[in-house]
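First the structure, in the form of structure tokens, and then the observations on it.
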Amino acid sequence: MTLYLKAVIGAATYLIAAEQIAGVRPTDDLVQDGAIRTLDCRALFGAPATAPGYRILIEPAAGEPVGLIVDRLDGLAQLAEDRFRALPSIGRFGAAIDAVCLLAESENPALRLHVSAALLGAAREL
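Every position in the sequence shown, counted from 1, becomes a number in our numbering once 45 is added.
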């Protein structure tokens with residue numbers, strides 16, 4: 046079982062492994078830190094930025110820390126690997142979004158997001 050943070054960007058829910066997360070703060074509460082690269086995932090995934098949102102500080106196993114700006118946080122979910130269905134590696138996010146999971150019958154499917162070189166590379170293309 047792996048613990049995931051449910052991060053909402055636009056109408057979509059993304060799952061981020063909690064083991065990579067070093068901290069979470071509202072964006073209107075942030076001190077500007079030029080040493081940490083911050084990606085606004087709303088712009089990255091084409092969702093409108095209608096509210097300040099939250100910054101998730103990620104410390105990946107390899108590479109530099111990065112901050113991800115999302116619309117809102119929707120709690121934690123502990124999920125077994127067999128709850129996920131693999132997605133083919135298609136498009137610029139192919140290596141960053143690798144699987145989908147139905148959290149509950151009443152919820153939209155959630156996408157598993159890996160903070161990796163693929164995601165950072167896709168962000169550079171913007």
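Just so it is clear, CB atoms sit at the ideal spot from N, CA and C, and this is done for glycine as well.
Looking at the structure shown, is leucine 147 part of a helix, part of a strand, or coil, going by DSSP?
Counting from one through the sequence shown, the residue named residue 147 turns up at place 102. Looking at leucine 147 - three-state DSSP - the assignment turns out to be coil, as it is neither helix nor strand.
Pull the bridge partners of glycine 172 from the DSSP assignment, please.
Beyond the ends of the chain as shown, which are 46 and 171, falls residue 172; an answer cannot be given.
By the three-class DSSP mapping on this structure, what secondary structure does arginine 82 have?
Residue numbering aside, residue 82 sits at position 37 when the sequence shown is read from its first letter. In the structure shown, arginine 82 sits in a strand (DSSP, three-state: E or B).
Where arginine 128 falls: helix, strand or coil (DSSP):
Within the sequence shown, residue 128 is the residue found at index 83, counting from 1. If DSSP states are grouped into helix, strand and coil, arginine 128 belongs with the helices.
Quick one: grab the DSSP three-state call for aspartate 119.
In the sequence shown, counting from the first residue as 1, residue 119 sits at position 74. DSSP places aspartate 119 in strand when its eight states are reduced to three.
At the level of alpha carbons, what is the spacing between arginine 87 and glycine 55?
On the sequence shown, position 42 is the one that residue 87 refers to. On the sequence shown, position 10 is the one that residue 55 refers to. Their Cα atoms are separated by approximately 7 angstroms.
Does the separation of the CB atoms of proline 93 and aspartate 73 fall below 8 angstroms?
Working through the sequence shown from its first residue, we reach residue 93 at position 48. Working through the sequence shown from its first residue, we reach residue 73 at position 28. No, Cβ-Cβ distance for proline 93 and aspartate 73 is not below 8 angstroms.
Measuring CB to CB, does glutamine 65 end up less than 8 angstroms from isoleucine 114?
The count along the sequence shown starts at 1 and reaches residue 65 at position 20. The count along the sequence shown starts at 1 and reaches residue 114 at position 69. Not closer than 8 angstroms, so no.
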